[in-house]
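The working numbering puts the first residue of the sequence shown at 5, with every later residue one more than the last. Glycine included, every Cβ here is placed at the ideal spot set by N, Cα and C. Contents: one structure, followed by commentary.
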Amino acid sequence: MKKKRVLSGIQPSGKLHLGNLFGALENWVKLQDQYDCFFFIADLHALTTGYDQTKDLPTYTHEVAVDLLAAGLDPERCTIFKQSDIPEHAELHLLFSMITPLPWLERVPTYKSKIEELKEKDLGTYGFLGYPVLQAADILIYKADFVPVGEDQLPHLELTREIARRFNFLYKEVFPEPKGLLTEMPVFPGIDGRKMSKSYNNTIALSDSPEVVHKKVNQMITDPARVKKDDPGHPDVCTVFTFHKYFNQPRLKLIEQECKSAARGCVQCKKEFLEHLLEYLKPLQERRKALEGHPDKLKKILGTGAKNARQIASQTLTEAKQAMGLS
Ligand code: SF4
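Laid out in structure tokens, this is it:
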């Protein structure tokens with residue numbers, strides 16, 4: 005039976021970190037065996053919020069490609085490519101922008117919140133307002149059946165579905181409406197306890213060396229009320245404990261009891277977590293090392309991915325243009 009198609013992308017804004025791993029990549033790795041998966045590096049999307057900072061874009065794109073493969077995406081089992089290698093995304097975006105009413109874009113919840121959040125950036129551009137249209141083009145050009153989303157991203161997907169409906173109504177039934185593949189996307193803490201994010205400078209990158217990881221674990225915020233080792237701790241407010249949930253499940257109950265009864269100190273607790281984290285990162289970093297020595301291999305993987313993706317994208321674009329009377 006033909007597998008259903010899944011599509012998802014990630015912006016190249018630097019090295020990927022544990023938050024990306026648990027928020028998306030681990031799930032992608034699982035999906036690649038169940039679905040016909042298309043994963044892309046969204047370099048055009050990076051321009052919507054950073055059109056004036058493109059100097060590092062090639063490096064970031066390279067880093068993300070390496071991280072995706074190191075995390076376990078297998079080019080034999082999924083299609084991996086760079087968005088700008090498929091010009092059909094941009095062309096379909098243009099066609100969709102002709103039929104998308106402005107109020108649909110202005111009401112997207114993240115439009116206003118991002119403008120507030122990223123005050124230092126110039127987001128008063130057509131490209132930024134129109135990024136959900138580009139997202140719709142990314143998804144619909146592959147006629148994806150599913151898009152992995154967290155609950156908070158459902159409004160974005162709904163906009164894609166609305167654009168597909170409007171196109172099909174105005175011209176001809178070309179685009180199936182994709183569904184959300186609801187995925188638990190936990191908010192992963194950074195070393196300072198806030199959400200792990202490059203903008204907070206609190207990440208542990210997948211490519212950080214053991215020495216850097218060690219330093220960052222030492223900086224982690226624990227229970228602020230625990231001043232001395234014999235003060236009973238509160239694991240529920242401790243960042244290190246949250247990390248143990250991901251990396252040290254079998255010993256979680258014991259750690260909780262020992263923390264609450266002051267039978268374990270934070271130094272020992274961090275040391276135990278560090279050992280698990282380094283063990284976890286080891287195979288990723290070995291795969292990364294193997295790729296770093298072979299840039300041609302990476303180029304070939306992205307080239308093959310782009311070729312596969314483009315075959316489908318150009319077919320869909322032809323159908324869309326014919327439906328619109330353009331060919
Ligand atoms: S013992 Fe562990 S869980 Fe308890 S406060 Fe210290 S680091 Fe956190």
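Is the beta carbon of L285 sitting closer than 8 Å to the one on L210? yes
Anyone know if the C-beta pair for T58 and L127 falls short of 8 Å? Taking 8 Å as the cut-off, the beta carbon of T58 is found no closer than this to the beta carbon of L127.
Measure the beta-carbon distance from I90 to A327 and round it to whole angstroms, keeping in mind my assumption that it falls under 8 Å. That pair is no contact at about 20 Å.
From which residue to which residue does the beta strand (DSSP E) around I90 run? Taken as a continuous stretch (DSSP letters only), I90 belongs to no beta strand (DSSP E), as it is neither H nor E.
So for F44, helix, strand or coil by DSSP? strand
Whole-angstrom distance between I167 and Q315, CA atom to CA atom: 23 Å
heavy atom of the ligand SF4 below 7 Å from R230 C-beta: yes
Contained alpha helix (DSSP H) runs [length at least 4] in the region 58-86, N- to C-terminal order: 61-74
Would you tell me roughly how many angstroms separate the C-alpha atoms of D160 and R111, rounded to the nearest one? Checking the sequence, you will find His at residue 160 rather than Asp. When rounded, the distance between both Cα atoms is 10 Å.
Based on DSSP bridge pairs, tell me the residues matched to L12. Per the sequence presented here, residue 12 reads as Ser, with Leu not at that position. The partner list for S12 (beta bridge, DSSP) reads F43.
Would DSSP call P193 helix, strand or coil? strand
Along the alpha helix (DSSP H) that carries V221, what are the first and last residues, could you check? P214 to Q223
What did DSSP end up calling P152 once you bin it into helix, strand or coil? In the structure shown, the three-state DSSP call for P152 is strand.
Among the candidates Q36, T65 and T226, whose CA atom is the shortest distance from the CA of I45? T65
Taking the alpha carbon of G23 as the reference point, which residue from L306, E296, A324 and K202 has its own alpha carbon closest? K202
Nearest neighbour of E188, chosen from T226, L144, E30 and K7 [CA to CA]: Of all alpha-carbon atoms in T226, L144, E30 and K7, the one lying nearest the alpha-carbon of E188 is that of E30.
With contact counted as at least three CB pairs below 8 Å, one residue from each stretch, are the region 62-76 and the region 91-102 in contact? no
Would you list the one or two residues that DSSP bridges to G184? Beta-bridge pairing links G184 to V151.
How many Å lie between T243 and I14 at the Cα? Going by the C-alpha atoms only, they are around 26 Å apart.
Supposed close pair A140, R291 - CB separation, criterion 8 Å: Not really, about 33 Å apart at Cβ, beyond 8 Å.
Extent of the continuous alpha helix (DSSP H) to which I305 belongs: P299 to A327
May I ask you to list the residues that DSSP assigns as paired with H21? A209
Less than 8 Å between the CB atoms is what I'm expecting for L77 and F42, so what's the real figure, rounded? Actually they do not touch by this definition, with Cβ atoms about 11 Å apart.
Checking 8 Å against the spacing of the C-beta atoms, do T164 and A313 come in under that value? no
Got a sec, what are the start and stop residues for the alpha helix (DSSP H) E120 sits in? P113 to E121
Under 7 Å from any heavy atom of the ligand SF4, does the C-beta of R255 make it? no
Straight-line CA distance for L306 to Y115? 31 Å
Based on DSSP bridge pairs, tell me the residues matched to K6. K6 is not bridged to any residue.
Please list the terminal residues of the continuous alpha helix (DSSP H) segment that includes Y284. C270 to E296
Determine the contact status of S99 and A324, defining contact as a CB-CB distance below 8 Å. Checking the sequence shown, residue 99 turns out to be Leu, not Ser. Contact flag set, yes.
With P159 as the anchor, note down where its alpha helix (DSSP H) starts and where it stops. L158 to L174
Which residue comes first and which comes last in the alpha helix (DSSP H) that contains D126? Premise fails: D126 is in no alpha helix (DSSP H) and is neither H nor E.
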